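Under UniProt numbering, the letters of the sequence shown match residues 1 to 256, in that order. Right, one structure below, let's go through it.
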Amino acid sequence: MKKVSMFLYSVIAYAIAFASILFWIASVGNLIPGLGIDREPQMSPLIAILYNLMLISLFGVQHSVMARKWFKELFAKYFPRPIERSTFVLFSGLLLFNLVYNWQPLGGTIWEIGPDSMWYYVLYVLFFMGWAILFISSFLINHFDLFGLRQTFLELQNKPYTQLNFKIISFYKYVRHPLYFGMLLGMWATPLMSITHLTFAIAITVYVVIGTSYEEKDLVNEFGDTYRAYQAKKPMLIPFTKRARKGVKSSIPNNI
1 MKKVSMFLYS VIAYAIAFAS ILFWIASVGN LIPGLGIDRE PQMSPLIAIL YNLMLISLFG
61 VQHSVMARKW FKELFAKYFP RPIERSTFVL FSGLLLFNLV YNWQPLGGTI WEIGPDSMWY
121 YVLYVLFFMG WAILFISSFL INHFDLFGLR QTFLELQNKP YTQLNFKIIS FYKYVRHPLY
181 FGMLLGMWAT PLMSITHLTF AIAITVYVVI GTSYEEKDLV NEFGDTYRAY QAKKPMLIPF
241 TKRARKGVKS SIPNNI
C-alpha cells in the first residue's frame with residue numbers, strides 16, 4: 001500500500017507540474033484571452049519590480065536548494081527516497097504557477113507586431129518551436145525520470161533505481177542544455193514584447209544561467225572527465241556558439 005501511495009503521489013506531482021508548464025506557456029504566449037501576463041498594472045512600478053524579484057527569488061532558491069545533493073540526502077533521512085524527485089517536481093510546479101500567476105504587470109510596450117506582418121508568424125513559429133524543443137529534450141534524457149515517475153514506478157515493481165547513463169543524442173549533440181535553450185527561445189520569441197514580458201524573460205534568463213552553472217558542477221561530479229570533455233566541445237545554452245578547446249583530453253566520440 002505504501003508503494004502504491006508513493007506512485008500516486010508522484011502522479012499527482014507530475015500532473016501539477018505539467019499543468020503549471022502549460023499555464024506558463026499559455027500566459028507568456030497570450031494564447032488564451034485574459035490569461036496572459038500582460039494585464040493592467042495594480043502596483044507602482046517600483047513595488048511591482050520588488051514583488052517580482054521576490055517571486056523569482058523564491059522560485060530560484062527552491063530549485064537550487066532542492067536540487068543539491070546535500071538536500072537529497074537530508075530528505076532521504078526523513079522520507080522515502082523514491083519520492084524525493086516527485087517532491088521537487090511538486091514544489092517546482094506550485095512555485096512556477098505562483099510565479100506566472102502573480103507576476104506583476106508594469107505597463108508599456110517594447111514592440112508589437114500584428115498579424116498583417118510576416119514576422120508575427122515567424123515569431124510564433126519560433127515560440128512553439130522553443131517549447132517543442134523543451135519537451136522533446138526531456139524525453140531524450142528520460143522524461144519520466146526527470147519528473148519523478150520512474151523512481152516510484154520502479155519501487156512499485158520492487159526494482160532498484162538505476163542512474164541514467166550519460167548519452168549524447170539529437171539536440172544534445174549541438175548544445176549541452178537544449179531543454180533550457182528551448183525555454184529561452186519560447187520566452188523571447190514573441191510578437192508582443194511588453195515591459196512586463198521583457199522583465200519576466202530577463203528574470204528567467206538570469207535564473208537559467210545561474211541555475212545551469214550549479215547543475216554543471218553536479219554533472220561534473222557525477223560523470224567526471226566525460227562531462228568535462230563534453231563541456232570543452234559543446235556550448236552550454238546557445239547552439240553553434242563554441243569551438244572545441246585545444247589541449248582538452250576527450251573521452252567522448254569526435255563525431256558528436
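For each residue, glycine too, the CB sits at the ideal point set by N, CA and C. What you are looking at is a predicted structure, and each value in this text was computed from that prediction instead of being measured.
Practice item. Have a look at residue 230 and residue 27 and give me their C-alpha separation to the nearest angstrom. Key: 35 Å
Exercise for review: May I ask you to verify whether the region 218-236 touches the region 145-161, counting CB pairs closer than 8 Å and requiring at least 3?
Suggested key: no
Practice item. Count the other CB atoms, across all protein chains shown, that sit within 10 Å of the CB of residue 52; report buried if there are 16 or more and exposed otherwise. Key: buried
**Study point:** Rounded separation between residue 181 and residue 76 - CA only
**Key:** 32 Å
Practice item. To the nearest angstrom, report how far apart residue 38 and residue 6 are at their CA atoms. Key: 39 Å
Point to revise | Per DSSP, cross-strand counterpart(s) of residue 111 | key: 193
Exercise for review: Measure the Cβ-Cβ separation of residue 110 and residue 193 and say whether it is below 8 Å.
Suggested key: yes
Check your understanding: Exposed or buried, which one is residue 118 when buried takes at least 16 other CB atoms within 10 Å?
Key -> exposed
Practice item. Return helix, strand or coil for residue 142, following the three-state DSSP convention. Key: coil
**Study point:** Nonlocal neighbours in the same chain, by C-beta distance under 6 Å from residue 10, ignoring five residues either side
**Key:** 86, 148, 149, 152
Point to revise | Identity of the residue in 84, 186, 43, 136 nearest residue 63 by Cα | key: 84
Review point. For residue 248, does the three-state DSSP call read helix, strand or coil?
Key: The predicted model places residue 248 with a pLDDT of 47, which falls under 50 and marks its position as unreliable; any figure quoted below should be read in that light. Three-state DSSP puts residue 248 in coil, outside helix and strand.
**Study point:** For residue 64, three-class secondary structure by DSSP
**Key:** helix
Point to revise | Distance between residue 58 and residue 95 (C-alpha atoms, nearest Å) | key: 8 Å
Point to revise | Same chain, Cβ closer than 8 Å to residue 238, five either side skipped, listed in chain order | key: 175, 181
Point to revise | Residue closest to residue 102, alpha-carbon to alpha-carbon, out of 234, 196, 205, 220 | key: 196
Check your understanding: Is residue 168 helix, strand or coil when you go by DSSP?
Key -> coil
Check your understanding: Going by the beta-carbon positions, is the gap between residue 213 and residue 179 smaller than 8 Å?
Key -> no
Practice item. Measure how close the beta-carbons of residue 189 and residue 114 come, nearest whole angstrom, since I'm counting them as under 8 Å. Key: In fact, because the Cβ distance is near 16 Å, the residues do not count as touching under 8 Å.
Check your understanding: Is the distance from the Cβ of residue 23 to the Cβ of residue 97 below 8 Å?
Key -> yes
Review point. Alpha carbon to alpha carbon, what distance is there between residue 160 and residue 122?
Key: 47 Å
Review point. Do the CB positions of residue 112 and residue 191 come within less than 8 Å of each other?
Key: yes
Check your understanding: With a CB to CB cut of under 8 Å and the five nearest residues on each side skipped, what residues in its chain are close to residue 106?
Key -> 41, 45, 48, 49, 194, 195, 196, 199
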